[in-house]
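Trainee: Pasting a structure here, questions to come.
Protein chains: 2
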Amino acid sequence: MKLAVRLVDIAARGVLLHQQDAKSLGVFPGDRVEITNPSTGISIADYVETTSSLIKQGKLGIYHQSNEQLQVSDGQSLEVRVADRPVSLDYIRKKMDGDRLSREEIRMIVSDIVHDNLSPSEITAFVISSYINNLDIDEIEYLTRSMVETGDRLEFHTGPIVDKHSIGGVPGNKITFLVVPIIAAAGLLIPKTSSRAITGAGGTADLMEVLAPVEFSAVEVQQMTQKVGGVIVWGGATNIAPADDKIILQEYPFKIDQIGQMIASVMAKKFAVGAHVVAIDIPVGKYCKVHSIPEGQKLAQTFIEIGGRLGMRVECALTYGDAPVGRAIGPALEVKEALAILEGAASPNSLIEKSTVIAGIAFELAGKANRGEGMALALEILASGKALKKMKEIIAIQGGNPEITSDMVKPGEFSHVVKADRDGYVVEMNNRSLISIARTAGAPNDHGAGLYIHAKPGTHLSRGDPIFTLYAERKWRLEKALEIARTLRPIMVEGMLIDRVPNHQEWIPSRPQSNGVE
Amino acid sequence: MKLAVRLVDIAARGVLLHQQDAKSLGVFPGDRVEITNPSTGISIADYVETTSSLIKQGKLGIYHQSNEQLQVSDGQSLEVRVADRPVSLDYIRKKMDGDRLSREEIRMIVSDIVHDNLSPSEITAFVISSYINNLDIDEIEYLTRSMVETGDRLEFHTGPIVDKHSIGGVPGNKITFLVVPIIAAAGLLIPKTSSRAITGAGGTADLMEVLAPVEFSAVEVQQMTQKVGGVIVWGGATNIAPADDKIILQEYPFKIDQIGQMIASVMAKKFAVGAHVVAIDIPVGKYCKVHSIPEGQKLAQTFIEIGGRLGMRVECALTYGDAPVGRAIGPALEVKEALAILEGAASPNSLIEKSTVIAGIAFELAGKANRGEGMALALEILASGKALKKMKEIIAIQGGNPEITSDMVKPGEFSHVVKADRDGYVVEMNNRSLISIARTAGAPNDHGAGLYIHAKPGTHLSRGDPIFTLYAERKWRLEKALEIARTLRPIMVEGMLIDRVPNHQEWIPSRPQSNGVE
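Here the protein sequences line up with chains A and B, keeping their order. Here the numbering used here = 1-based position in the first sequence + 9. Here the numbering used here = 1-based position in the second sequence + 9.
Right, here's the structure in full:
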């Protein structure tokens with residue numbers, strides 16, 4: 010059927026047909042049609058959407074992303090043919106029906122995801138079927154390999170290349186800012202790609218942005234790493250394992266993180282940057298992705314197994330995840346805290362210990378230290394000032410200011426100190442609530458937003474002692490964050506909520522005023 | 010955040026934000042924002058898509074369907090706020106996790122589907138989770154009720170109201186053209202809504218279109234039924250159980266038909282038209298949706314149970330589904346065959362028998378005939394000519410020509426007779442292949458396309474006897490259909506393919522020429 014092009018500027022793949030034309034062609038929404046640019050011979054198979062009002066009969070709406078490939082102009086007449094549906098839909102159906110997918114089947118699905126040959130709904134179907142029916146170890150391996158194959162890769166001619174990864178879920182987990190410079194200062198290469206926060210208060214890439222640009226191509230990542238030994242960049246700007254972002258996009262509405270897809274996502278990125286050794290930090294805790302030690306051990310075994318299949322030496326550390334790492338949550342506050350340690354600060358100890366444990370594992374895997382001696386080497390490099398020097402080189406090569414010091418990194422100008430209303434011990438922190446409060450204050454987009462914890466679990470407090478300080482760049486955000494802090498009760502002292510929130514409502518005598526809050 | 014409207018004319022719900030604005034707001038694709046028209050106070054919560062190129066920072070792209078509600082103009086400045094995600098996403102997640110959904114949860118999901126509060130991907134997630142984890146009998150009931158509640162309903166003040174339904178899968182199943190006029194001729198009301206073919210060679214609505222318009226509102230369906238006793242209309246044009254079409258749209262790419270959703274879809278439509286008694290035809294056969302008698306019995310029990318819970322008397326007939334019903338496949342051919350029987354033709358017997366069995370069940374359920382005597386009453390009404398007279402009234406009230414006769418209904422002008430190349434018996438028909446061939450010939454859109462079967466299973470054929478005639482409205486379609494007929498082998502005679510296809514390729518001596526085809 011001949012139809013006249015009408016370009017539609019939405020950022021998607023797809024073609025829009027009038028219902029009558031669709032009927033004549035015998036296609037329904039979701040079917041594929043093939044369209045060819047007669048001048049170039051380039052043809053694409055694209056999924057059909059139909060309308061009875063927005064496109065006239067005889068017209069063919071072509072969405073922006075489809076036309077990036079096709080390159081046709083408004084009004085041009087094109088031949089439209091019915092095309093076969095992608096076979097990957099049959100493979101997704103297999104997964105729905107509980108069957109195991111072969112390497113070739115997974116490769117085809119991932120390739121179709123990367124090349125936008127599957128609609129968002131079709132990708133969702135793959136994601137949900139994998140979530141419900143699970144992926145076995147072979148499928149995880151195939152998924153990992155397919156993610157690598159469909160993206161860019163770094164190729165270093167020296168080695169060993171080191172990488173690290175922390176499973177998300179713990180606020181304040183800024184260890185990358187210590188691990189990367191320590192590793193690089195030891196003469197190893199660590200091309201670290203990181204993510205931005207989706208549901209957290211700040212991903213490593215959000216944090217690094219406080220210090221330097223983070224968006225680079227794979228080639229640039231490789232070149233910078235070769236020059237200074239390490240980088241801290243945003244993985245999303247590279248074309249490394251690009252399938253992953255498209256999969257995560259479909260998981261997001263349901264707050265799921267399918268375990269096999271998560272492992273494939275992590276391991277694909279490690280493999281694609283050419284890592285030989287990988288240290289993985291698995292926080293275990295009530296509000297973490299992993300809730301128990303046995304669960305963490307099982308996950309660790311799978312990481313190790315997949316790593317082995319791909320020729321990488323992987324070791325995992327199950328870490329304490331029931332409280333934030335260090336005391337700072339939010340981009341500027343976290344970067345400030347990490348820089349201070351590089352500059353020689355002796356606390357917070359949780360941050361120093363965790364960072365050097367992870368760096369130590371990497372040293373041992375890479376043969377830089379004997380078994381059991383990696384952490385000492387990491388501490389030594391940290392104490393020597395070499396890690397600070399290396400961090401400045403990294404900041405410089407990414408285009409930031411290498412003269413920066415922790416003092417120069419400022420949190421937001423609006424702040425409020427939340428104090429204890431009674432004597433007692435801090436008995437519990439709710440990581441999820443702390444994150445919500447930081448996000449409400451503006452993190453991660455407002456770099457200065459976040460919170461600084463004065464009293465961690467086990468600390469004894471007297472009435473009036475500060476528990477945490479909340480920071481924001483905008484006043485209304487601070488107020489809103491304080492408001493939800495009252496509801497969420499993020500830090501418990503002897504089982505009571507400790508908080509102080511200004512109440513602007515009129516005083517109503519019948520409402521009980523004393524709830525343990527000063 | 011204040012953004013300036015830019016209307017985007019695609020037929021969807023959604024708003025398009027520049028990535029930077031999305032970041033400042035702290036929203037990701039799939040999140041919801043609330044936007045309000047300041048002049049009217051109307052506000053909508055809509056899902057976010059992001060772009061880095063198509064919309065400038067400071068602009069807010071609003072898709073057509075969203076603006077139908079919102080009614081804002083290009084350039085207008087609007088306040089955009091982060092909105093909560095619909096709670097139905099949590100319920101879908103529950104279903105993913107294998108939990109049972111409550112009545113209220115299903116009601117919320119269906120309501121959000123109908124009101125376009127869920128994106129196509131989110132609807133897919135519901136469909137796939139229900140497919141994999143199944144719906145139990147309570148969930149099917151809730152889904153049925155929710156589908157009814159979110160759409161239009163007919164309210165007749167007389168009764169009993171009759172309805173029928175055939176589970177799809179068997180080609181040539183035009184029994185509605187006999188059942189509806191027989192029932193209506195007996196003085197009962199049968200407001201029959203039907204579907205168009207999605208994967209078949211012609212749905213009842215496609216067939217009826219050969220005789221009269223089929224697109225009416227629920228109110229018109231009710232009025233016409235009250236006047237002449239019955240109609241045969243396209244359900245998709247009414248607003249009866251509108252959730253169903255949106256669910257089917259998401260099932261389509263994967264060729265799935267989740268059993269619970271299918272039952273809910275059928276029963277919701279029956280309940281919404283006010284049916285008191287329902288006869289359900291469940292074809293059982295190799296290429297049908299139901300493959301065995303026990304499977305059919307189980308399905309029948311669920312239909313009966315759901316019917317009972319909604320106060321409808323349901324009876325099911327398991328019917329022979331291994332061969333087409335009658336001899337004609339494709340809109341015009343099928344209508345011609347049905348009209349001929351109404352006019353007095355004594356064959357094909359399979360069609361007469363099946364139609365009067367189903368009509369008979371309805372008579373017995375409605376108390377028009379004693380148990381075991383319904384079919385005789387149906388045959389009597391058919392023989393009396395009253396059913397033909399009633400069919401003409403139905404055609405007339407829907408705006409068609411009541412003077413039409415079976416002779417006047419013509420198949421496509423291009424045809425080819427496929428003949429037997431040997432003596433033998435017809436041993437098997439492949440319904441799926443017959444449908445593919447009819448579709449390739451142009452059915453259901455080209456009303457004249459289809460095939461007429463001369464020899465059904467068990468028939469003895471001599472060499473040169475016709476097996477079937479293929480019809481098309483366009484020559485190239487006929488040729489293409491003949492081509493695939495050779496590949497698909499739709500009708501087997503003594504285990505050999507019977508077909509005759511002109512071969513336009515050069516003769517290559519080394520290729521074997523004899524494969525049992527003349």
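C-beta: ideal position from N, C-alpha, C; glycine also.
Relative to chain A, which residues along the segment 263–280 of chain B have a C-beta separation below 8 angstroms, given in chain order?
Mentor: F263, K264 and I265
Trainee: Quick check on V228(B): buried or exposed, where buried means 16 or more other Cβ atoms within 10 Å of its Cβ?
Mentor: exposed
Trainee: Take every Cβ of the segment 216–224 of chain B, pair it with every Cβ of the segment 302–315 of chain B, and state whether three or more of those distances are shorter than 8 angstroms.
Mentor: no
Trainee: Using the three-state DSSP reduction, which class does R322(A) fall into: helix, strand or coil?
Mentor: strand
Trainee: Threshold first: 4 residues or longer. Then list the alpha helix (DSSP H) segments lying entirely within the segment 105–188 of chain A, N to C.
Mentor: Within the segment 105–188 of chain A, the complete alpha helix (DSSP H) segments at least 4 residues long are 112–123, 129–142 and 146–158, listed from N- to C-terminus.
Trainee: Give the residues of chain A in contact with Q259(B), contact being defined as C-beta atoms less than 7 angstroms apart.
Mentor: The CB of Q259(B) comes closer than 7 angstroms to the CB of S130 in chain A, given here in chain order.
Trainee: Taking only runs of the beta strand (DSSP E) that begin and end inside the segment 252–303 of chain B, which ones reach a length of at least 3 residues, in chain order?
Mentor: DSSP runs (the beta strand (DSSP E)) wholly in the segment 252–303 of chain B: 286–293.
Trainee: Going along chain B in order, which residues have a C-beta closer than 8 angstroms to the C-beta of S33(A)?
Mentor: For S33(A), the chain B residues whose C-beta falls within less than 8 angstroms of its own C-beta are N454, listed in chain order.
Trainee: Hey, how far is the Cα of G339(A) from the Cα of M271(B)?
Mentor: Rounded to whole angstroms, the separation of the alpha carbons of M271(B) and G339(A) is 49 angstroms.
Trainee: Roughly how many angstroms separate the alpha carbons of T365(A) and S393(A), rounded to a whole number?
Mentor: In a straight line, the C-alpha of T365(A) is about 14 angstroms away from that of S393(A).
Trainee: In three-state terms, what does DSSP make of L374(A)?
Mentor: helix
Trainee: Reducing DSSP to helix, strand and coil, say where R472(A) ends up.
Mentor: Three-state result, R472(A): coil.
Trainee: Spatial neighbours of G67(A) within its chain, please: CB distance less than 8 angstroms, with the 5 preceding and 5 following residues excluded, ordered by chain position.
Mentor: L12, A13, H27 and D30
Trainee: Kindly list the residues whose CB is nearer than 7 angstroms to the CB of A363(A), restricted to its own chain and excluding five residues on each side of it in sequence; keep chain order.
Mentor: The amino acid at residue 363(A) is misidentified as Ala; the sequence shows Lys. Taken in chain order, the residues that qualify are I184, T328 and V334.
Trainee: What residue range does the beta strand (DSSP E) around S203(B) cover?
Mentor: According to the DSSP assignment, S203(B) belongs to the beta strand (DSSP E) that extends over I199 to S203.
Trainee: Listing by chain order, which chain B residues have their CB less than 9 angstroms from the CB of P340(A)?
Mentor: By Cβ distance, chain B contributes nothing, its closest Cβ being about 13 angstroms from P340(A), past 9 angstroms.
Trainee: Is the segment 430–444 of chain B touching the segment 184–194 of chain B, taking contact as three or more C-beta pairs under 8 angstroms?
Mentor: No: fewer than three Cβ pairs fall under 8 angstroms.
Trainee: Checking the sheet assignment: what are the DSSP bridge partners for A54(B)?
Mentor: E43(B)
Trainee: Where DSSP assigns a beta bridge to L12(B), which residues make up the other side?
Mentor: L87(B)
Trainee: Alpha carbon to alpha carbon, how far is L506(A) from G467(A)?
Mentor: With a pLDDT of only 38 at L506(A), under 50, the local geometry of the prediction cannot be trusted, and the value read off the model is given with reservation. Taking C-alpha positions only, L506(A) is separated from G467(A) by approximately 15 angstroms.
Trainee: Against F312(B), what residues of chain A qualify as contacts under a CB-to-CB distance less than 7 angstroms, listed in chain order?
Mentor: Result: empty, since nearest Cβ-Cβ is about 24 angstroms, beyond 7 angstroms.
Trainee: In the DSSP output, what is W485(A) paired with across the bridge?
Mentor: DSSP lists no partner for W485(A).
Trainee: Identify the residues that DSSP records as bridge partners of L351(A): which are they?
Mentor: Answer by DSSP bridge pairing: none, since L351(A) is not bridged.
Trainee: Does the CB of I476(B) have a neighbour CB from chain A at under 8 angstroms?
Mentor: no
Trainee: Whole angstroms are fine: how far does the CA of G245(A) sit from the CA of L491(B)?
Mentor: Straight-line Cα distance between these residues: approximately 51 angstroms.
Trainee: If you drop the 5 nearest sequence neighbours on each side, which residues of the same chain put their C-beta closer than 6 angstroms to that of E346(B)?
Mentor: G335 and A337
Trainee: Considering only residues of the same chain and omitting the five flanking positions on each side of A481(A), which have a CB-CB separation below 6 angstroms?
Mentor: G421, F423, A450, G451, A458 and L487
Trainee: Which runs of the beta strand (DSSP E) at least 3 residues long sit entirely within the segment 195–240 of chain B? Give them in chain order.
Mentor: 199–203
Trainee: Taking D161(A) and I199(A) to be in contact with their CB atoms under 8 angstroms, please state how far apart those CB atoms are, rounded to whole angstroms.
Mentor: About 18 angstroms; that fails the 8 angstroms criterion.
Trainee: Which residues of chain B have a Cβ atom closer than 7 angstroms to the Cβ of N142(A), listed in chain order?
Mentor: What N142(A) touches in chain B: I141.
Trainee: Buried or exposed for A355(A), going by 16 or more other Cβ atoms inside 10 Å?
Mentor: Exposed, because fewer than 16 other Cβ atoms sit within 10 Å of the Cβ of A355(A).
Trainee: Where does G70(B) sit, in a helix, a strand or coil, going by DSSP?
Mentor: strand
Trainee: Alpha carbons only, please: which of A368(B), E402(B) and A206(B) is nearest the one belonging to E389(B)?
Mentor: A368(B)
Trainee: By alpha-carbon positions, which one of I476(B), P180(B), W243(B) and D145(B) ends up nearest to L110(B)?
Mentor: D145(B)
Trainee: Rounding to the nearest angstrom, what Cα-Cα distance links G178(B) and K278(A) in this structure?
Mentor: 46 angstroms
Trainee: Quick one: what's got a C-beta closer than 8 angstroms to V123(B)'s C-beta in the same chain, skipping five residues either side?
Mentor: T159, G160, P251, A252 and K255.
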